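What follows is a set of notes on a single structure, which appears directly below.
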Amino acid sequence: MTGRRLRLKLETGAGGAPSEVVVERFVIAGWTGRDRAGVEKHIAELAALGVQRPASVPIFYRVAAARLTTDGSIETSGDKSSGEAEFVLLRSGGRLWAGVGSDHTDREVESYGVTVSKQMCDKPIAAEFWDYESVAPHWDRLLLRSTIMEEGKQVPYQEGSVAEMLKPAELIAGAGADFGEGTLMFCGTLAVKGGIRPAPRFAFELEDPVRGRKIGHAYDIRSLPILG
(Lines of atoms letter the chains of each structure in order from A and count residues from 1; the text may use other names and numbers.)
(Lines give C-alpha, C1' and ligand atoms only; values in the text may rest on other atoms or scores of the structure.)
Protein backbone atom coordinates (compact mmCIF):
# COMPACT_ATOMS: atom_id res chain seq x y z
CA MET A 1 0.00 0.00 0.00
CA THR A 2 1.27 3.46 -0.88
CA GLY A 3 1.22 6.44 1.44
CA ARG A 4 2.79 7.46 4.72
CA ARG A 5 2.35 5.09 7.66
CA LEU A 6 2.07 6.92 10.99
CA ARG A 7 1.47 5.60 14.49
CA LEU A 8 -1.31 7.84 15.82
CA LYS A 9 -3.68 7.87 18.76
CA LEU A 10 -7.22 8.52 17.52
CA GLU A 11 -9.05 9.70 20.62
CA THR A 12 -12.73 8.83 20.92
CA GLY A 13 -15.04 9.45 23.85
CA ALA A 14 -14.02 6.07 25.23
CA GLY A 15 -10.31 6.85 24.85
CA GLY A 16 -8.00 5.48 22.22
CA ALA A 17 -4.83 3.47 21.77
CA PRO A 18 -2.04 4.14 19.25
CA SER A 19 -2.67 2.49 15.91
CA GLU A 20 -1.16 2.56 12.44
CA VAL A 21 -2.79 5.07 10.09
CA VAL A 22 -1.97 5.29 6.39
CA VAL A 23 -2.11 8.79 4.90
CA GLU A 24 -2.45 8.47 1.13
CA ARG A 25 -2.93 12.16 0.30
CA PHE A 26 -1.53 15.25 2.00
CA VAL A 27 -3.05 18.67 1.31
CA ILE A 28 -2.01 22.08 2.64
CA ALA A 29 -4.75 24.71 2.48
CA GLY A 30 -3.48 28.27 2.14
CA TRP A 31 -5.11 31.69 2.44
CA THR A 32 -7.87 30.29 4.64
CA GLY A 33 -8.69 33.40 6.69
CA ARG A 34 -12.37 34.19 7.22
CA ASP A 35 -11.65 37.93 6.89
CA ARG A 36 -11.40 38.13 3.10
CA ALA A 37 -10.41 41.80 3.13
CA GLY A 38 -7.54 40.96 5.47
CA VAL A 39 -6.47 38.10 3.21
CA GLU A 40 -6.40 40.39 0.18
CA LYS A 41 -4.35 42.95 2.09
CA HIS A 42 -1.78 40.33 3.05
CA ILE A 43 -1.59 39.04 -0.53
CA ALA A 44 -0.79 42.59 -1.67
CA GLU A 45 1.86 42.96 1.02
CA LEU A 46 3.59 39.75 -0.04
CA ALA A 47 3.29 40.64 -3.72
CA ALA A 48 5.30 43.78 -2.97
CA LEU A 49 8.05 41.49 -1.66
CA GLY A 50 8.00 39.34 -4.79
CA VAL A 51 5.76 36.50 -3.57
CA GLN A 52 3.40 35.54 -6.40
CA ARG A 53 -0.35 35.91 -5.88
CA PRO A 54 -2.05 32.54 -5.29
CA ALA A 55 -3.98 31.05 -8.20
CA SER A 56 -7.10 30.88 -6.02
CA VAL A 57 -8.26 31.88 -2.52
CA PRO A 58 -8.23 29.63 -0.63
CA ILE A 59 -5.75 27.39 -2.42
CA PHE A 60 -5.06 23.70 -1.86
CA TYR A 61 -1.49 22.50 -2.40
CA ARG A 62 -0.81 18.79 -2.87
CA VAL A 63 2.30 17.69 -0.95
CA ALA A 64 4.08 14.35 -0.72
CA ALA A 65 2.62 12.38 2.20
CA ALA A 66 6.15 11.16 2.93
CA ARG A 67 6.87 14.62 4.36
CA LEU A 68 4.64 13.98 7.38
CA THR A 69 6.40 13.05 10.62
CA THR A 70 5.80 12.69 14.35
CA ASP A 71 9.55 12.70 15.09
CA GLY A 72 11.10 15.11 17.58
CA SER A 73 13.54 16.63 15.07
CA ILE A 74 13.82 17.49 11.38
CA GLU A 75 16.70 18.45 9.07
CA THR A 76 16.50 21.38 6.68
CA SER A 77 18.68 22.75 3.88
CA GLY A 78 20.18 25.96 5.25
CA ASP A 79 18.77 28.15 8.00
CA LYS A 80 15.98 30.04 6.21
CA SER A 81 13.07 27.86 7.31
CA SER A 82 10.50 28.24 10.07
CA GLY A 83 7.42 26.54 11.48
CA GLU A 84 3.82 27.66 11.79
CA ALA A 85 1.03 26.08 13.82
CA GLU A 86 -2.04 24.85 11.93
CA PHE A 87 -5.08 22.82 12.82
CA VAL A 88 -5.18 19.54 10.96
CA LEU A 89 -8.05 17.43 9.60
CA LEU A 90 -7.72 13.70 8.95
CA ARG A 91 -10.16 11.36 7.22
CA SER A 92 -9.48 7.84 8.43
CA GLY A 93 -11.60 4.79 9.16
CA GLY A 94 -14.64 6.55 7.74
CA ARG A 95 -14.44 9.27 10.39
CA LEU A 96 -13.12 12.82 10.61
CA TRP A 97 -10.40 13.65 13.14
CA ALA A 98 -8.93 16.97 14.33
CA GLY A 99 -5.30 17.50 15.24
CA VAL A 100 -2.45 19.98 15.02
CA GLY A 101 0.75 20.30 13.01
CA SER A 102 3.45 22.66 11.78
CA ASP A 103 3.75 23.69 8.14
CA HIS A 104 7.53 24.04 8.37
CA THR A 105 8.52 26.00 5.26
CA ASP A 106 11.69 27.13 3.50
CA ARG A 107 11.13 30.90 3.42
CA GLU A 108 13.81 31.60 0.83
CA VAL A 109 12.27 29.17 -1.66
CA GLU A 110 8.79 30.47 -0.78
CA SER A 111 9.74 33.90 -2.15
CA TYR A 112 9.98 32.49 -5.69
CA GLY A 113 7.94 29.27 -5.61
CA VAL A 114 5.30 28.61 -2.94
CA THR A 115 4.36 25.17 -4.28
CA VAL A 116 7.99 24.08 -4.35
CA SER A 117 8.59 25.50 -0.85
CA LYS A 118 5.84 23.24 0.50
CA GLN A 119 7.86 20.21 -0.58
CA MET A 120 11.18 21.35 0.89
CA CYS A 121 10.69 20.49 4.58
CA ASP A 122 9.25 17.72 6.71
CA LYS A 123 5.88 18.57 8.27
CA PRO A 124 5.66 17.61 11.97
CA ILE A 125 2.29 16.69 13.47
CA ALA A 126 1.15 15.75 16.96
CA ALA A 127 0.56 12.00 17.29
CA GLU A 128 -2.86 12.42 18.92
CA PHE A 129 -6.11 13.34 17.18
CA TRP A 130 -9.58 14.07 18.55
CA ASP A 131 -12.81 12.76 17.09
CA TYR A 132 -14.09 15.81 15.21
CA GLU A 133 -17.64 15.26 16.44
CA SER A 134 -16.41 15.84 20.01
CA VAL A 135 -15.25 19.38 19.19
CA ALA A 136 -17.62 20.39 16.38
CA PRO A 137 -20.26 21.97 18.69
CA HIS A 138 -17.70 24.41 20.12
CA TRP A 139 -15.21 24.49 17.26
CA ASP A 140 -14.62 28.25 17.28
CA ARG A 141 -13.49 28.12 20.91
CA LEU A 142 -10.44 25.96 20.11
CA LEU A 143 -7.10 27.75 20.45
CA LEU A 144 -3.85 27.43 18.51
CA ARG A 145 -0.45 28.32 19.99
CA SER A 146 3.20 28.03 19.12
CA THR A 147 6.49 28.97 20.76
CA ILE A 148 10.08 29.15 19.54
CA MET A 149 13.41 28.90 21.31
CA GLU A 150 15.40 32.15 21.32
CA GLU A 151 18.57 32.75 23.33
CA GLY A 152 17.82 29.66 25.37
CA LYS A 153 14.29 30.76 26.30
CA GLN A 154 10.85 29.64 25.12
CA VAL A 155 9.20 32.65 23.47
CA PRO A 156 5.50 33.01 22.43
CA TYR A 157 5.28 33.01 18.63
CA GLN A 158 1.61 32.51 17.70
CA GLU A 159 -1.68 32.46 19.60
CA GLY A 160 -5.29 32.75 18.55
CA SER A 161 -8.57 31.04 17.80
CA VAL A 162 -9.26 28.62 14.97
CA ALA A 163 -12.18 30.97 14.28
CA GLU A 164 -9.72 33.09 12.31
CA MET A 165 -9.68 30.37 9.63
CA LEU A 166 -12.49 28.98 7.50
CA LYS A 167 -14.56 26.27 9.13
CA PRO A 168 -13.69 22.61 8.44
CA ALA A 169 -16.80 22.03 6.31
CA GLU A 170 -15.83 24.89 3.98
CA LEU A 171 -12.25 23.68 3.67
CA ILE A 172 -13.33 20.11 2.99
CA ALA A 173 -15.74 21.34 0.31
CA GLY A 174 -12.98 23.46 -1.22
CA ALA A 175 -10.58 20.52 -1.38
CA GLY A 176 -13.24 18.49 -3.19
CA ALA A 177 -12.20 15.07 -4.43
CA ASP A 178 -8.75 15.49 -2.85
CA PHE A 179 -10.28 15.09 0.61
CA GLY A 180 -11.30 11.45 0.63
CA GLU A 181 -10.48 8.53 2.88
CA GLY A 182 -6.81 8.53 3.85
CA THR A 183 -6.38 12.32 3.44
CA LEU A 184 -4.69 14.66 5.91
CA MET A 185 -5.05 18.42 5.45
CA PHE A 186 -3.30 21.37 7.09
CA CYS A 187 -5.86 24.17 7.35
CA GLY A 188 -4.20 27.55 7.84
CA THR A 189 -2.19 29.49 10.36
CA LEU A 190 -2.10 32.63 12.50
CA ALA A 191 -0.02 35.81 12.40
CA VAL A 192 3.28 35.60 14.28
CA LYS A 193 4.56 37.83 17.05
CA GLY A 194 7.70 39.74 16.09
CA GLY A 195 7.90 38.61 12.47
CA ILE A 196 8.54 35.30 10.74
CA ARG A 197 11.99 33.99 11.70
CA PRO A 198 13.94 30.75 12.09
CA ALA A 199 14.57 29.07 15.44
CA PRO A 200 16.33 25.90 16.63
CA ARG A 201 13.17 24.53 18.28
CA PHE A 202 9.46 24.91 17.54
CA ALA A 203 6.53 23.82 19.72
CA PHE A 204 2.82 23.93 18.93
CA GLU A 205 -0.49 22.95 20.50
CA LEU A 206 -4.25 22.88 20.04
CA GLU A 207 -6.33 23.55 23.15
CA ASP A 208 -9.94 22.60 23.79
CA PRO A 209 -10.92 24.85 26.74
CA VAL A 210 -14.43 23.42 26.88
CA ARG A 211 -13.24 19.87 27.60
CA GLY A 212 -10.07 20.98 29.36
CA ARG A 213 -7.54 19.20 27.14
CA LYS A 214 -4.64 19.89 24.81
CA ILE A 215 -2.65 18.09 22.13
CA GLY A 216 0.74 19.26 20.94
CA HIS A 217 4.23 18.47 19.79
CA ALA A 218 7.71 20.01 19.70
CA TYR A 219 10.67 19.42 17.44
CA ASP A 220 14.27 20.54 16.97
CA ILE A 221 15.51 21.91 13.65
CA ARG A 222 18.95 20.88 12.40
CA SER A 223 20.20 23.12 9.57
CA LEU A 224 22.36 21.38 6.99
CA PRO A 225 24.99 23.35 5.03
CA ILE A 226 24.31 24.64 1.52
CA LEU A 227 27.45 24.13 -0.53
CA GLY A 228 26.34 25.44 -3.89
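Following this note's numbering, the numbering of the sequence shown begins with 28 at its first residue and continues without gaps.
For every residue, glycine included, the Cβ atom is placed at its ideal position computed from N, Cα and C.
If you're wondering where the values come from, they're calculated on a predicted model, not measured in any experiment.
With burial defined as no fewer than 16 other Cβ atoms inside 10 Å of the residue's Cβ, what is the status of residue i: buried or exposed?
{"i": "S46", "result": "exposed"}
{"i": "V50", "result": "buried"}
{"i": "A74", "result": "exposed"}
{"i": "T59", "result": "buried"}
{"i": "S119", "result": "buried"}
{"i": "T103", "result": "buried"}
{"i": "P85", "result": "buried"}
{"i": "L37", "result": "buried"}
{"i": "I199", "result": "buried"}
{"i": "G207", "result": "exposed"}
{"i": "A196", "result": "exposed"}
Could you please give the first and the last residue of the uninterrupted beta strand (DSSP E) stretch that includes residue i?
{"i": "P183", "result": "180-188"}
{"i": "R230", "result": "It is Ala, not Arg, that sits at residue 230 in the sequence shown. That run of the beta strand (DSSP E) goes 228-235."}
{"i": "P85", "result": "It is not in any beta strand (DSSP E) - P85 carries neither H nor E in the DSSP assignment."}
{"i": "G57", "result": "52-57"}
{"i": "E208", "result": "Segment: none, E208 is in no beta strand (DSSP E) and carries neither H nor E."}
{"i": "R34", "result": "31-38"}
{"i": "T253", "result": "Sequence check: residue 253 is Ile here, not Thr. I253 -> no beta strand (DSSP E), and no H or E assigned at all."}
{"i": "R94", "result": "Per DSSP, R94 belongs to no beta strand (DSSP E) and is neither H nor E."}
{"i": "R172", "result": "170-177"}
Is residue i helix, strand or coil by DSSP?
{"i": "W157", "result": "strand"}
{"i": "P195", "result": "helix"}
{"i": "E111", "result": "coil"}
{"i": "I70", "result": "helix"}
{"i": "R238", "result": "coil"}
{"i": "A125", "result": "strand"}
{"i": "D247", "result": "strand"}
{"i": "R61", "result": "coil"}
{"i": "R118", "result": "strand"}
{"i": "P45", "result": "strand"}
{"i": "P164", "result": "helix"}
Taking residue i as part of the alpha helix (DSSP H), name the residues at either end of that continuous run.
{"i": "R134", "result": "134-137"}
{"i": "K1", "result": "Residue coverage of the chain in this structure runs from 28 to 255, which leaves residue 1 outside it and unanswerable."}
Measure the CB-CB distance between residue i and residue j and report whether it falls below 8 Å.
{"i": "H131", "j": "I101", "result": "yes"}
{"i": "P183", "j": "K241", "result": "no"}
{"i": "L171", "j": "F213", "result": "no"}
{"i": "Y246", "j": "P164", "result": "no"}
{"i": "V10", "j": "S138", "result": "The question about residue 10 has no answer, for the chain in this structure spans 28 to 255."}
{"i": "A56", "j": "A202", "result": "yes"}
{"i": "S173", "j": "C148", "result": "no"}
{"i": "G243", "j": "A153", "result": "yes"}
{"i": "V54", "j": "L33", "result": "no"}
{"i": "I253", "j": "G105", "result": "yes"}
Could you name the residues of the same chain whose beta carbon sits closer than 7 Å to that of residue i, not counting the 5 residues immediately before and after it, in chain order?
{"i": "S144", "result": "T132, D133, V136, E137"}
Taking 8 Å as the limit between beta carbons, can you name the residues of its chain near residue i, skipping five residues before and five after?
{"i": "R249", "result": "S100, I101, E102, T103"}
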